[in-house]
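Q: Residue numbers (this note's numbering), protein chains in the order written: chain Y, 233 to 560; chain H, 233 to 560.
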DNA sequence: TTTTAAATTGCATACGTATGCAAAAAATAC
DNA sequence: GTATTTTTTGCATACGTATGCAATTTAAAA
């Protein structure tokens with residue numbers, strides 16, 4: 233029952249041509265007469281032949297595969313990102329080798345898989361990456377682009393939203409509306425996204441001499457929900473809650489609803505990411521929209537068009553504020 | 233600057249052995265003396281050598297890759313599933329070639345990628361698959377397992393929850409509690425999951441001579457939210473709402489909350505899937521838990537341990553009811 | 001028609017690995 | 001010590017493709 237998959241040689245035999253010719257038919261830009269091309273394609277179709285990507289990758293030193301690493305996090309933002317990456321990469325002829333890790337840091341072991349399959353580049357979305365691993369990737373000449381992460385010590389490209397400025401814009405909006413009792417709920421504090429959003433937000437108010445309240449969250453709904461609930465129960469009912477991402481803001485929103493606090497009349501809430509859930513009719517969360525599609529495009533571009541770029545490029549894209557029903 | 237990646241030959245040269253010996257060091261079960269193994273490993277480490285998976289796949293006719301296809305749907309259930317699949321497959325030494333499709337049906341074009349890379353099997357989660365495509369996969373001797381889908385005309389394995397029975401159990405619970413004004417909100421009606429859950433639920437009540445209300449949803453939050461809202465506004469406030477999945481139930485839940493209907497006192501709500509979101513403190517949705525981990529294990533098992541199985545195996549696993557705060 | 005140029009094809013080899021076979025080396029038995 | 005068995009190693013080849021080079025065919029020019 234050993235049914236070996238059919239190869240170019242098989243097609244060649246039936247078409248009375250050499251294996252080279254078959255190969256040329258399937259290589260764009262190669263020289264083949266129209267007559268033989270037709271004949272070969274016909275037989276190929278009949279035999280259900282498709283060139284073997286492994287063999288092709290071996291000889292051409294080009295696999296058309298990209299590694300995508302993601303951390304196990306409950307943020308739908310990354311699922312939307314994942315979908316966009318795979319679709320856009322496929323449109324460019326690339327396949328995606330996917331790794332989901334539950335570790336805080338992408339492990340060597342997981343990167344090794346990418347290396348063994350000779351991926352042409354690696355995209356790391358929300359996970360961290362040790363500089364040791366990055367060095368190893370550099371040694372192997374494999375470009376890496378961090379998506380939505382930035383690390384000043386790592387020698388690799390990165391694409392993210394300009395979190396600091398976005399947070400400043402939000403702060404400005406809040407300030408100009410006259411609010412003064414303000415709470416920021418952080419995400420995981422070891423992520424650049426949370427740190428930068430906090431920085432931008434705080435810097436603005438510091439400059440105005442206004443003290444704001446920081447609650448330390450972890451980018452999960454639950455944590456944010458309980459933090460907010462606790463705060464209300466302890467007697468503090470702020471005018472503004474800015475969550476480090478949408479999930480965080482939604483957790484706070486639900487806690488406020490449960491306490492029968494009127495939104496946006498008594499407290500306004502602002503999130504960050506513009507995940508699909510934020511436009512659910514019961515939430516209608518005001519939020520900062522990351523230019524997700526552009527970020528994805530730029531990441532792919534950076535990774536594939538000039539892979540020899542050793543010097544790191546850091547891209548910070550803008551976004552825009554979306555007013556929904558949790559702000560006035 | 234053309235830095236070719238180092239091969240077994242390079243290691244062999246420095247270790248004063250043949251390329252075969254280097255290969256044997258990296259092949260489990262091959263015969264190598266302890267002394268040379270040590271020497272080779274040392275040099276390999278130094279040169280940062282890793283065997284090329286493409287070449288290995290070519291010669292062994294075994295790529296250690298599995299194709300995973302998923303449809304672009306807003307259901308977090310599948311994201312949890314995705315994470316579990318990739319982690320479990322990696323633990324078994326497999327890499328995951330991932331395809332995300334926005335089409336209703338997985339296209340030939342997308343499957344071709346899998347074929348070209350010689351994946352050892354394909355897992356299709358929530359998308360549909362034409363029988364033409366399945367036939368082609370059979371021709372190429374590539375096993376397919378449908379996850380959470382079942383299609384009687386398709387000659388491939390499938391693993392899912394026993395949706396009919398689960399829905400019957402839920403119906404039984406509802407019936408025995410004495411409820412009689414009952415609504416079922418469907419998912420996409422062309423999915424086996426929605427159809428089976430509807431069937432199990434309806435069959436039970438039909439047998440009791442009880443008429444229930446069917447609202448045709450599409451597995452999205454929005455649709456379910458608006459359906460429920462419309463129903464309430466039209467004057468119908470049921471005792472029970474059973475959603476074809478958790479997202480559906482949550483949409484209904486939010487609509488009821490907005491209408492100030494007390495849950496579970498006036499209306500109880502039941503979902504299906506037990507996604508993480510259903511245990512969020514503001515929802516605490518009662519739901520039917522699919523045995524996700526077991527389903528994933530069985531899928532992998534079916535796909536990889538006996539790939540020569542042409543005759544399809546259909547596995548239907550049980551689950552269990554989880555009582556939270558939306559039932560009494 | 002012959003000569004020259006261009007297009008098409010086949011041959012041979014390379015990519016990096018695994019493995020059957022035989023030779024060599026090491027271990028064991030006598 | 002030699003004879004025998006076992007282990008370790010190298011050689012050669014295969015996996016399925018792409019491609020430089022030379023040979024062949026076809027087209028164009030004369």
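Glycine residues also receive a C-beta, built at the ideal position from the N, C-alpha and C atoms.
Secondary structure at residue 473 of chain H, three-state DSSP: helix, strand or coil?
A: For this step, residue 473 of chain H is matched to residue 241 along the second chain. Strand.
Q: Can at least three beta-carbon pairs, one atom from the segment 466 to 473 of chain H and one from the segment 512 to 530 of chain Y, be found at a separation below 8 Å?
A: Contact fails: fewer than three Cβ-Cβ distances are below 8 Å.
Q: Should residue 276 of chain H be labelled buried (16 or more other beta-carbon atoms within 10 Å of its own) or exposed?
A: Your numbering for residue 276 of chain H matches position 44 in the second chain. Classification of residue 276 of chain H: buried, given that the 10 Å Cβ count is 16 or more.
Q: Any beta carbon of chain H sitting closer than 9 Å to that of residue 405 of chain Y?
A: As a working mapping, residue 405 of chain Y is identified with position 173 in the first chain. Not closer than 9 Å to any Cβ of chain H, the Cβ of residue 405 of chain Y fails to qualify, so no.
Q: Starting from residue 287 of chain H, find everything on chain Y with Cβ-Cβ shorter than 7 Å and list it in chain order.
A: Reading the second chain from its first residue, position 55 is the one you call residue 287 of chain H. Simply 290.
Q: When you compare each of H:338, H:534, H:548 to residue 223 of chain H by their alpha carbons, which one comes out closest?
A: There is simply no residue 223 of chain H to check, as chain H begins at 233 and stops at 560 in what is shown.
Q: Classify residue 323 of chain Y: buried if its beta carbon has 16 or more other beta carbons within 10 angstroms, exposed otherwise.
A: Residue mapping note: residue 323 of chain Y aligns to position 91 of the first chain, counting from 1. Classification of residue 323 of chain Y: exposed, given that the 10 Å Cβ count is below 16.
Q: DSSP three-state call for residue 559 of chain Y: helix, strand or coil?
A: Mapped onto the first chain, residue 559 of chain Y falls at position 327. Reduced to three states, the DSSP call for residue 559 of chain Y is coil.
Q: Count the other C-beta atoms from every protein chain shown that fall within 10 angstroms of the C-beta of residue 235 of chain Y, then say buried if there are 16 or more, exposed otherwise.
A: Along the first chain, one-based indexing puts residue 235 of chain Y at 3. Summary for residue 235 of chain Y: the model assigns pLDDT 49, below 50, so the residue's position carries little reliability; its value from the coordinates is reported in the next sentence. Looking at its Cβ environment, which holds fewer than 16 other Cβ atoms inside 10 Å, residue 235 of chain Y is exposed.
Q: Cα separation between residue 426 of chain H and residue 347 of chain H?
A: The residue you call residue 426 of chain H lines up with position 194 of the second chain. The residue you call residue 347 of chain H lines up with position 115 of the second chain. So the two alpha carbons sit approximately 31 Å from each other.
Q: Quick one: using the 10 Å Cβ neighbour count with 16 as the cut-off for buried, is residue 274 of chain H buried or exposed?
A: Here residue 274 of chain H refers to the residue found at position 42 of the second chain. Answer is exposed; the Cβ neighbour count stays below 16.
Q: Residues of chain Y with CB closer than 7 Å to the CB of residue 327 of chain H, please, in chain order.
A: The residue labelled residue 327 of chain H in the question sits at position 95 within the second chain. Within 7 Å Cβ-Cβ: 329, 345, 349.
Q: Check the C-beta distance from residue 313 of chain H over to residue 367 of chain H and give it rounded, since I have them as a contact under 8 Å.
A: Along the second chain, one-based indexing puts residue 313 of chain H at 81. Along the second chain, one-based indexing puts residue 367 of chain H at 135. Actually they are not in contact, since the Cβ atoms of residue 313 of chain H and residue 367 of chain H sit about 26 Å apart, beyond 8 Å.
Q: What in chain Y is Cβ-close to residue 368 of chain H, meaning under 8 Å?
A: Taking the first residue of the second chain as 1, we reach residue 368 of chain H at position 136. Those within 8 Å of residue 368 of chain H in chain Y are 280.
Q: Which residue wins for smallest C-alpha separation from residue 279 of chain H, given the options Y:530, Y:334, Y:371?
A: For the purposes of this step, residue 279 of chain H is taken as residue 47 along the second chain, with counting starting at 1. Residue Y:371 is the option with its Cα nearest to residue 279 of chain H.
Q: Within the continuous alpha helix (DSSP H) that includes residue 338 of chain Y, where are the two ends?
A: In the first chain, residue 338 of chain Y corresponds to position 106, counting from 1. Element bounds for residue 338 of chain Y: n/a, residue is neither H nor E.
Q: Leaving out the 5 sequence neighbours to the left and right, which residues in its chain are closer than 7 Å to residue 327 of chain H when beta-carbon positions are compared?
A: Mapped onto the second chain, residue 327 of chain H falls at position 95. Excluding residues within five positions, the ones whose Cβ falls inside 7 Å are 296, 297.
Q: Any idea if residue 401 of chain Y is buried or exposed, counting beta-carbon neighbours within 10 angstroms, 16 or more meaning buried?
A: Position 169 of the first chain, counted from the first residue, corresponds to residue 401 of chain Y. Per the 10 Å Cβ criterion, buried.
Q: Who are the neighbours of residue 486 of chain Y on chain H, taking C-beta pairs under 7 Å?
A: For the purposes of this step, residue 486 of chain Y is identified with residue 254 of the first chain, where counting begins at 1. Under the 7 Å cutoff, chain H gives 514.
Q: At the 9 Å Cβ level, is residue 395 of chain H part of the contact set with chain Y, yes or no?
A: Here the question's residue 395 of chain H lines up with position 163 in the second chain. Judged by the 9 Å Cβ criterion, residue 395 of chain H is not in contact with chain Y.
Q: Measuring only the C-alpha atoms, how far is residue 511 of chain H from residue 519 of chain H?
A: Residue numbering aside, residue 511 of chain H sits at position 279 when the second chain is read from its first letter. Residue numbering aside, residue 519 of chain H sits at position 287 when the second chain is read from its first letter. Their Cα atoms are separated by approximately 10 Å.
Q: Three or more beta-carbon pairs under 8 Å between the segment 377 to 393 of chain Y and the segment 409 to 417 of chain Y, yes or no?
A: Contact fails: fewer than three Cβ-Cβ distances are below 8 Å.
Q: Within 10 angstroms of its Cβ, does residue 530 of chain H collect 16 or more other Cβ (buried), or is it exposed?
A: Within the second chain, residue 530 of chain H is the residue found at index 298, counting from 1. The residue in question, residue 530 of chain H, is buried, as its Cβ has 16 or more Cβ neighbours within 10 Å.
Q: Does chain H have any CB closer than 9 Å to the CB of residue 311 of chain Y?
A: Indexing the first chain from 1 puts residue 311 of chain Y at position 79. Answer yes: the Cβ-Cβ gap between residue 311 of chain Y and chain H drops below 9 Å somewhere.
Q: Distance, Cα to Cα, residue 550 of chain Y vs residue 379 of chain Y?
A: Taking the first residue of the first chain as 1, we reach residue 550 of chain Y at position 318. Taking the first residue of the first chain as 1, we reach residue 379 of chain Y at position 147. If I take the Cα positions, the gap works out to 14 Å.
Q: Rounded to the nearest angstrom, what separates residue 373 of chain Y and residue 373 of chain H at their Cα positions?
A: Locating residue 373 of chain Y in the first chain gives position 141, counting from the first residue. Locating residue 373 of chain H in the second chain gives position 141, counting from the first residue. Going by the C-alpha atoms only, they are around 36 Å apart.
Q: Could you tell me the distance, in whole angstroms, from the CA atom of residue 261 of chain Y to the CA atom of residue 301 of chain Y?
A: As a working note, residue 261 of chain Y is residue 29 in the first chain. As a working note, residue 301 of chain Y is residue 69 in the first chain. Using only the alpha carbons, I get a separation of about 34 Å.
Q: Who are the neighbours of residue 371 of chain Y on chain H, taking C-beta pairs under 7 Å?
A: Taking the first residue of the first chain as position 1, residue 371 of chain Y is located at position 139. By Cβ distance, chain H contributes 280.
Q: Is residue 249 of chain H helix, strand or coil by DSSP?
A: Start at 1 with the first residue of the second chain, and residue 249 of chain H comes out as number 17. Coil.
Q: With C-beta atoms as the reference, is residue 309 of chain Y less than 9 Å away from residue 502 of chain Y?
A: Walking along the first chain from the start, residue 309 of chain Y turns up at place 77. Walking along the first chain from the start, residue 502 of chain Y turns up at place 270. The answer is no: Cβ separation not under 9 Å.
Q: Against chain H, with Cβ distances strictly below 9 Å, would residue 508 of chain Y count as a contact?
A: As a first step, residue 508 of chain Y must be located in the first chain, where it is residue number 276. It does; some Cβ of chain H falls within 9 Å.
Q: Enumerated in chain order, which unbroken segments of the alpha helix (DSSP H) with a length of 4 residues or greater are wholly contained in the segment 434 to 499 of chain H?
A: If we require 4 residues or more, the alpha helix (DSSP H) runs fully inside the segment 434 to 499 of chain H come out as 453 to 465, 478 to 490.
Q: Using three-state DSSP, classify residue 285 of chain H as helix, strand or coil.
A: As a first step, residue 285 of chain H is located in the second chain; it is residue number 53 there, counting from the start. Looking at residue 285 of chain H - three-state DSSP - the assignment turns out to be helix.
Q: Put residue 242 of chain Y into one of helix, strand or coil per three-state DSSP.
A: Counting from 1 along the first chain, the entry for residue 242 of chain Y is found at position 10. If DSSP states are grouped into helix, strand and coil, residue 242 of chain Y belongs with the helices.
Q: Straight-line CA distance for residue 243 of chain H to residue 254 of chain H?
A: Locating residue 243 of chain H in the second chain gives position 11, counting from the first residue. Locating residue 254 of chain H in the second chain gives position 22, counting from the first residue. In a straight line, the C-alpha of residue 243 of chain H is about 7 Å away from that of residue 254 of chain H.
Q: Check the Cβ of residue 304 of chain H against every Cβ in chain Y and list those closer than 7 Å, keeping chain order.
A: As a first step, residue 304 of chain H must be located in the second chain, where it is residue number 72. Those within 7 Å of residue 304 of chain H in chain Y are 315.
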